[in-house]
Amino acid sequence: MKIKYDNQLMKLMYFFESITHSKLKDCFIDKNDVLNFIVNEDIAKAIGKNGVNAKKVEAKLKRRIKIVAFSENLEEFISNLLLPLKVKDITVDEGIVTITPEPESRGYIIGRAASNLRNYEETVKRYFEIKEIKVV
608 MKIKYDNQLM KLMYFFESIT HSKLKDCFID KNDVLNFIVN EDIAKAIGKN GVNAKKVEAK
668 LKRRIKIVAF SENLEEFISN LLLPLKVKDI TVDEGIVTIT PEPESRGYII GRAASNLRNY
728 EETVKRYFEI KEIKVV
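Number 670 in my numbering belongs to position 63 of the sequence shown; there are no gaps in the numbering.
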């Protein structure tokens, strides 16, 4: 999937990098109107001690943000994307990703009318060739 950025996203990416001093892989606004920052390197540096960088970015932009560590490994990336929600197992079979969450996290992962799940699916499809994500 070819990713294109508009002027606004480029400015947001520069702003984020200047505050956190970390390298971004991607930045986009999801269906839930959350600004997602996909970080290439150390996520701790991007978040900052006690979340100071994340809080500063959120306060300046006056919108919710999510910072996710990118990984070339599909299972690890999905696990990073779902944090802080707990997942027991992630399996991939012929482009279909099956997630086995902890019981208390299941509802949050799926969301009302599977909205959260489809949002996660769209995010993963930006970087990996998958057909769909299922929760069991």
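Positions of the beta carbon are idealized from the N, C-alpha and C atoms, including for glycine.
Could you please give me the residues that DSSP links to N647 through a beta bridge?
Looking up residue 647 in the sequence shown gives position 40. According to DSSP, N647 bridges with nothing at all.
Suppose the cutoff is 7 Å on Cβ atoms and the five residues either side in sequence are ignored; what does the same chain contact list for V742 look like?
Translated into the one-based positions of the sequence shown, residue 742 becomes position 135. So the list reads I706, P708, R713, I716, I717 and L724, once near-sequence residues are dropped.
Let me check understanding here. Comparing Cα to Cα, which of A661, D696 and R719 lies closest to N639?
Along the sequence shown, read from residue 1 onward, the residue named residue 639 stands at position 32. Checking every option, the nearest Cα to that of N639 belongs to R719.
Reducing DSSP to helix, strand and coil, say where K652 ends up.
Looking up residue 652 in the sequence shown gives position 45. Of the three classes helix, strand and coil, the one that applies to K652 here is helix, per DSSP.
Pairs of beta-carbons, one from the region 662–670 and one from the region 686–693, closer than 8 Å: are there three or more?
no
Quick check on DSSP: helix, strand or coil for F684?
As a position in the sequence shown, residue 684 is number 77, starting the count at 1. In the structure shown, F684 sits in a helix (DSSP, three-state: H, G or I).
Helix, strand or coil for E701, going by three-state DSSP, please let me know.
Here residue 701 refers to the residue found at position 94 of the sequence shown. Note: E701 maps to coil in three-state DSSP.
Beta-carbon within less than 7 Å of I737's beta-carbon, same chain only, minus the 5 sequence neighbours each way: which residues are those?
The residue you call residue 737 lines up with position 130 of the sequence shown. G702, V704 and V731.
With DSSP as the reference, please indicate the residues paired to T707 in a beta bridge.
Residue 707 sits at position 100 when you count from the first residue of the sequence shown. BP columns for T707 point to D696.
Less than 7 Å separating the beta-carbons of K673 and N643?
Here residue 673 corresponds to residue number 66 of the sequence shown, with the count starting at 1. Here residue 643 corresponds to residue number 36 of the sequence shown, with the count starting at 1. Yes, these two residues count as a Cβ contact at 7 Å.
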